[in-house]
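Quick mapping for you: the protein sequence lines, in order, are chains G and L.
Just so you know, we're using UniProt numbering here: the first sequence kicks off at 1 and counts up by one.
Just so you know, we're using UniProt numbering here: the second sequence kicks off at 1 and counts up by one.
Ideal placement from N, C-alpha and C gives every residue a C-beta, glycine not left out.
Protein chains: 2
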Amino acid sequence: MSAIADVARLAGVAKATASRALSGRGYVSEQTRIKVIAAAREIGYVASPNAASLVTGRTKSIGVIIPFISRWYFSEVLESMEQALLDEGYDMTLYNLPTPSPERERVFDYFLARKRFDGVISVGVALSDDEVTLLHRLGRPLVGIGGPIRGVDTIAIDDVAAARLATEHLLSLGHTDIVHIGGSKEDEMDFQVHSNRLTGFYSAMRDAGLSSSSSSSGSFYACEFTMPGGYGVGLAVFGDPRTRPTAVFAASDEIAIGLIVAARELGIQVPADLSVIGIDGHPYAAMFRLTTLEQHPRTQGRLAVQALLAELENPTPRGDEDHLTRLPTNLVIRSSTSGPRLTHGVDRG
Amino acid sequence: MSAIADVARLAGVAKATASRALSGRGYVSEQTRIKVIAAAREIGYVASPNAASLVTGRTKSIGVIIPFISRWYFSEVLESMEQALLDEGYDMTLYNLPTPSPERERVFDYFLARKRFDGVISVGVALSDDEVTLLHRLGRPLVGIGGPIRGVDTIAIDDVAAARLATEHLLSLGHTDIVHIGGSKEDEMDFQVHSNRLTGFYSAMRDAGLSSSSSSSGSFYACEFTMPGGYGVGLAVFGDPRTRPTAVFAASDEIAIGLIVAARELGIQVPADLSVIGIDGHPYAAMFRLTTLEQHPRTQGRLAVQALLAELENPTPRGDEDHLTRLPTNLVIRSSTSGPRLTHGVDRG
DNA sequence: GGTTTTGATGGAACCGGTTCCAGCGGACCC
DNA sequence: GGGTCCGCTGGAACCGGTTCCATCAAAACC
């Protein structure tokens, strides 16, 4: 409604002066600044960022690419980023891209090419070299959450190490018959979270002298990364006492909880008959007394915003090496894990 | 990088003609249109919506106000809206406003005043008259999801009727000792969902001749609108056999599932000892065999987008009456509900 | 005291589009 | 055959800011 010209007229100065007074750039005397600000307040002036960005090239808006909204980890990251961006005066524009989708090309060719953002945060979406190049050519910095992208700052936990840690917790309790239940390689997520966690699991098992090739030790089942996913595998895998392990490392808390529900329905005691450990620190974990390795998505979101805005402040010429920030996880021991029941096998006396 | 002037030069026409050719407005001969489009493609031209919106006033972007991201209903609505908007070529800018917050004023005074959107969808946030007025003054249409806002199109289910329906399902099975567990009035959500569902419950009970004032019949317990919330109340309320009802109507599936988990831990048979019904149609409902009243958040999101874009196409002068679109719910009967155990009371033979 | 520096301001160009208006040739009408 | 209408095009103004440049008075310098 009201433009800066109106403010200038009311304050009795030129547009240029009004602009300087309001933006704080360039020389303005104290008294005219006060005059202009008063005038602006009087008519309820709010600058149009569109007009400003047309000449400055800055939009005060950040684009976020994310494959899911409803899954816990992603919604937490999203919420924390939104807060952090709002605090810094940035808008957040959301692009929900279920990874393997025809939408994706369109978003890049059309939406992202419109350049309505100063930078991009990619959460759990591994961008291709072409896509990274496109953004760089547009002069738009990029920060990733969840895994490495070539030549891009990324914030993530160390999935291999986390999986090792979880597995080692079960091993240290005396378990040898351990199963990993997680996402499959073909699953929706890029960024190799699934395969990294599987790798960590296998390497911990191998280090403990438990070959993963033996039929019942250290095997792996894939499922959807959700509670019903875990529940389904749980019913299938635990149903047969012969194939039932003494402990399960689930790749996420939701899967772990699904497994616990399945176990309870089958009359299997947790942890006496079956120990379960997850990864996440999901808010439901406590009520299921789930032992878990907490990661902190909100911290990841905040850090990503910080990193991106810092890069916008003073762009650093970057080489091709990707800068990874590894965030710590912490083990929270509840009562879903214990040593194996001694009567179960003769593996140890 | 490349502006429309470059396209025009390459095609050998004036800026005005190039603009007409690309936007499809106004007279352009077929051959020049082809020439211009070819030129645009050649240099990879993408129009700057900022520049365009400066003169047209349209931004091709919609603002969404939402109190939660991580709760099921909201994330579903969000996902469906994002899809629908993308399909229509709109960006979505997200404002996450936990309702009673100091942020809220800031968002309205600062972010929304920047007018970087053509319209607003408010999901589960009841806007004040002032806020509605502000948006109308800016010429920005508004659509609500979840409950009525004065003078605003709103899409929602009929919470009173839904609660009635759920309660009547329990009544029809022969239950008389029914408890409602839901959100409290002071809770985070505006839009009276909580109180509406409570109203529906009470009125169904009253119609069945079960006064809600009697000590054990038709009472109500408040909890957080989450699974742990339901779990907590479940442990407290079901722990004492004297106060335990034969059936519970939970205001959401998450609460209902929390109750079922609590019941199982307490050794209470569902549905033999306790029937449970929820509202939502949550993806976890099936694995807990929860009888529920499905609502369809994705449909609500799609309809809201449709309504808003239609309003943008041809603005209808509106009176003060608020236009409510009521969406249907459907009862999905699983095995968490049955008649009360006959030995339990002597209410009926 | 004359010259340079510094602070403050206004005029005008510019960002990248859209749209109004004028002009022009050809088809159509009487 | 002259006037009107229609389709098409280009020039120019405009949207709402920012910023470059010129101007000018006062302060600082030698």
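Quick check on residue 350 (chain L): buried or exposed, where buried means 16 or more other Cβ atoms within 10 Å of its Cβ? An answer regarding residue 350 (chain L) cannot be provided, because it is not within the stretch 1 to 349 covered by chain L.
Using beta-carbon positions only, say whether Thr-292 (chain G) and Asp-280 (chain G) come within less than 8 Å of one another. Position 292 of the first sequence holds residue 292 (chain G). Position 280 of the first sequence holds residue 280 (chain G). A contact, by the Cβ cut-off of 8 Å.
Could you compute how far the alpha carbon of Lys-115 (chain G) sits from the alpha carbon of Ala-18 (chain G)? For the purposes of this step, residue 115 (chain G) is identified with residue 115 of the first sequence, where counting begins at 1. For the purposes of this step, residue 18 (chain G) is identified with residue 18 of the first sequence, where counting begins at 1. Cα-Cα distance, rounded: 28 Å.
Name the two residues that bound the continuous beta strand (DSSP E) containing Arg-326 (chain G). Walking along the first sequence from the start, residue 326 (chain G) turns up at place 326. Element bounds for Arg-326 (chain G): 324-327.
If Ala-222 (chain G) and Asn-196 (chain G) are in contact, beta carbons under 8 Å, what's the gap, nearest whole angstrom? Here the question's residue 222 (chain G) lines up with position 222 in the first sequence. Here the question's residue 196 (chain G) lines up with position 196 in the first sequence. Wrong, their Cβ atoms sit about 15 Å apart, outside the cutoff.
Burial state of Gln-31 (chain G) (16 or more Cβ within 10 Å): Your numbering for residue 31 (chain G) matches position 31 in the first sequence. In the assembly as shown, Gln-31 (chain G) is an exposed residue. Its beta-carbon has fewer than 16 other beta-carbons within 10 Å.
Arg-264 (chain G) versus Ser-338 (chain L) - alpha carbon distance: As a position in the first sequence, residue 264 (chain G) is number 264, starting the count at 1. As a position in the second sequence, residue 338 (chain L) is number 338, starting the count at 1. Cα to Cα, the separation comes out at about 22 Å.
Every unbroken alpha helix (DSSP H) inside the stretch 142-220 of chain G [4 residues or more]: List check, alpha helix (DSSP H) in window: 159-172 and 193-207.
If distances are taken between C-alpha atoms only, which option among L:Gln-306, L:Thr-246 and L:Val-276 comes closest to Pro-340 (chain L)? As a first step, residue 340 (chain L) is located in the second sequence; it is residue number 340 there, counting from the start. Ranking the options by Cα distance to Pro-340 (chain L), first place goes to L:Thr-246.
If Val-193 (chain G) sits next to Asp-159 (chain G), beta carbons under 8 Å apart, how far is it from one beta carbon to the other, in whole angstroms? As a position in the first sequence, residue 193 (chain G) is number 193, starting the count at 1. As a position in the first sequence, residue 159 (chain G) is number 159, starting the count at 1. Confirmed, Cβ separation roughly 5 Å.
Does the stretch 131-150 of chain L touch the stretch 240-257 of chain L, meaning 3 or more C-beta pairs lie closer than 8 Å? Short answer: they don't touch.
Chain-ordered neighbours of Ser-75 (chain L) on chain G, where CB pairs are closer than 8 Å: Translated into the one-based positions of the second sequence, residue 75 (chain L) becomes position 75. The answer, in chain order, is Ile-69, Ser-70 and Ser-75.
Can you check whether the C-beta of Glu-30 (chain L) is within less than 8 Å of a C-beta belonging to chain G? Counted from its first residue, the second sequence places residue 30 (chain L) at position 30. Among the CB atoms of chain G, none fall inside 8 Å of the CB of Glu-30 (chain L).
Test item: CB-CB of Ala-39 (chain G) and Ala-84 (chain G) under 8 Å: As a working note, residue 39 (chain G) is residue 39 in the first sequence. As a working note, residue 84 (chain G) is residue 84 in the first sequence. With a cutoff of 8 Å on beta-carbon distance, Ala-39 (chain G) and Ala-84 (chain G) are scored as not near each other.
Backbone CA spacing between Asp-34 (chain L) and Val-46 (chain G) [nearest angstrom]: As a first step, residue 34 (chain L) is located in the second sequence; it is residue number 34 there, counting from the start. As a first step, residue 46 (chain G) is located in the first sequence; it is residue number 46 there, counting from the start. It should be pointed out that residue 34 (chain L) corresponds to Ile in this sequence rather than to Asp. Roughly 41 Å separates the two Cα atoms.
Taking the alpha carbon of Asp-240 (chain G) as the reference point, which residue from G:Thr-226, G:Ala-262 and G:Pro-228 has its own alpha carbon closest? Here the question's residue 240 (chain G) lines up with position 240 in the first sequence. Closest in alpha carbon position to Asp-240 (chain G), among G:Thr-226, G:Ala-262 and G:Pro-228, is G:Ala-262.
Does the structure place the stretch 57-75 of chain G close enough to the stretch 86-100 of chain G that three or more beta carbon pairs sit under 8 Å? These segments touch.
Assuming residue 398 (chain L) contacts Ile-121 (chain L) under a Cβ cut-off of 8 Å, what Cβ separation, rounded to an integer in Å, is found between them? Any question about residue 398 (chain L) goes unanswered here, given that chain L covers just 1 to 349.
Here's the rule I'm using: 16 or more other beta-carbon atoms within 10 Å means buried, otherwise exposed. How should Glu-313 (chain L) be labelled? Here the question's residue 313 (chain L) lines up with position 313 in the second sequence. Its Cβ having fewer than 16 others within 10 Å, Glu-313 (chain L) is exposed.
Distance, Gly-63 (chain G) Cα to Gly-183 (chain G) Cα: By 1-based counting over the first sequence, the position of residue 183 (chain G) is 183. By 1-based counting over the first sequence, the position of residue 63 (chain G) is 63. Distance between the alpha carbons of Gly-183 (chain G) and Gly-63 (chain G) is about 27 Å.
Leaving out five residues on either side along the sequence, give the residues of the same chain with a beta carbon under 8 Å from the beta carbon of Pro-315 (chain G). The count along the first sequence starts at 1 and reaches residue 315 (chain G) at position 315. Excluding residues within five positions, the ones whose Cβ falls inside 8 Å are Pro-141.
Just to confirm my understanding: we take Val-13 (chain G), look at its own chain, exclude 5 residues before and 5 after, and list those with CB closer than 7 Å. What are they? In the first sequence, residue 13 (chain G) corresponds to position 13, counting from 1. Apart from sequence neighbours up to five positions away, the residues of its chain that approach Val-13 (chain G) with a beta-carbon distance below 7 Å are Thr-32 and Val-36, ordered along the chain.
Assign Ser-2 (chain L) to one of two classes, buried (16 or more other C-beta atoms within 10 Å of its C-beta) or exposed (fewer than that). In the second sequence, residue 2 (chain L) corresponds to position 2, counting from 1. Result: exposed.
Quick one, are the C-beta atoms of Thr-59 (chain L) and Leu-165 (chain L) less than 8 Å apart? To locate residue 59 (chain L), count along the second sequence from 1; it is residue 59. To locate residue 165 (chain L), count along the second sequence from 1; it is residue 165. No; because the gap between Cβ atoms is not below 8 Å, this pair is not in contact.
Who are the neighbours of Ser-53 (chain G) on chain L, taking C-beta pairs under 8 Å? As a working note, residue 53 (chain G) is residue 53 in the first sequence. Result: Asn-50.
List, in chain order, every chain G residue whose beta-carbon is nearer than 9 Å to that of Lys-15 (chain L). Taking the first residue of the second sequence as position 1, residue 15 (chain L) is located at position 15. Simply none; closest approach about 16 Å.
Proximity winner among L:Arg-326, L:Phe-249, L:Ile-43 and L:Ile-4, relative to Pro-148 (chain L) (alpha-carbon distances): In the second sequence, the residue the question calls residue 148 (chain L) occupies position 148. Out of L:Arg-326, L:Phe-249, L:Ile-43 and L:Ile-4, L:Arg-326 has the C-alpha closest to the C-alpha of Pro-148 (chain L).
Can you pull the chain L residues whose beta carbon is under 9 Å from the beta carbon of Met-227 (chain G), in chain order? The residue you call residue 227 (chain G) lines up with position 227 of the first sequence. What Met-227 (chain G) touches in chain L: Pro-283, Tyr-284 and Met-287.
Helix, strand or coil for Thr-133 (chain L)? Go by DSSP, reduced to three states. Counting from one through the second sequence, the residue named residue 133 (chain L) turns up at place 133. Note: Thr-133 (chain L) maps to helix in three-state DSSP.
Do Ala-250 (chain L) and Ile-178 (chain L) have their CB atoms nearer than 8 Å? Position 250 of the second sequence, counted from the first residue, corresponds to residue 250 (chain L). Position 178 of the second sequence, counted from the first residue, corresponds to residue 178 (chain L). No.
Can you give me, in chain order, the residues of the stretch 77-103 of chain G that have a beta carbon less than 8 Å from any beta carbon in chain L? If the cut-off is 8 Å between Cβ atoms, the stretch 77-103 of chain G has Leu-78, Glu-79, Glu-82, Gln-83, Leu-86, Gly-89, Asp-91, Met-92, Thr-93, Leu-94, Tyr-95, Asn-96 and Glu-103 near chain L.
If the cut is a Cβ gap below 9 Å, which residues of chain G does Phe-111 (chain L) touch? Sequence index remark: in the second sequence, residue 111 (chain L) carries index 111 (1-based). Ordered by position in chain G, the residues that pass the 9 Å Cβ test against Phe-111 (chain L) are Leu-86, Gly-89 and Asp-91.
What separation, rounded to the nearest whole angstrom, lies between the Cα atoms of Glu-105 (chain L) and Gly-146 (chain G)? As a first step, residue 105 (chain L) is located in the second sequence; it is residue number 105 there, counting from the start. As a first step, residue 146 (chain G) is located in the first sequence; it is residue number 146 there, counting from the start. Distance between the alpha carbons of Glu-105 (chain L) and Gly-146 (chain G) is about 33 Å.
Among residues of its own chain, excluding the 5 on either side of Ser-216 (chain L), which ones have a beta-carbon nearer than 8 Å to its beta-carbon? Translated into the one-based positions of the second sequence, residue 216 (chain L) becomes position 216. Reliability of the predicted coordinates at Ser-216 (chain L) is poor, the pLDDT of 49 falling under 50, and no value is obtained from them.
Take the Cβ of Val-7 (chain G) as the centre, count every other Cβ of all protein chains shown within 10 Å, and call the residue buried at 16 or more, exposed below. Sequence index remark: in the first sequence, residue 7 (chain G) carries index 7 (1-based). Around the beta-carbon of Val-7 (chain G), 16 or more other beta-carbon atoms lie within 10 Å, marking it buried.
Taking the CB atoms as reference points, tell me whether Gly-258 (chain G) and Pro-283 (chain G) lie closer together than 8 Å. Start at 1 with the first residue of the first sequence, and residue 258 (chain G) comes out as number 258. Start at 1 with the first residue of the first sequence, and residue 283 (chain G) comes out as number 283. Going by C-beta atoms, Gly-258 (chain G) is not nearer than 8 Å to Pro-283 (chain G).
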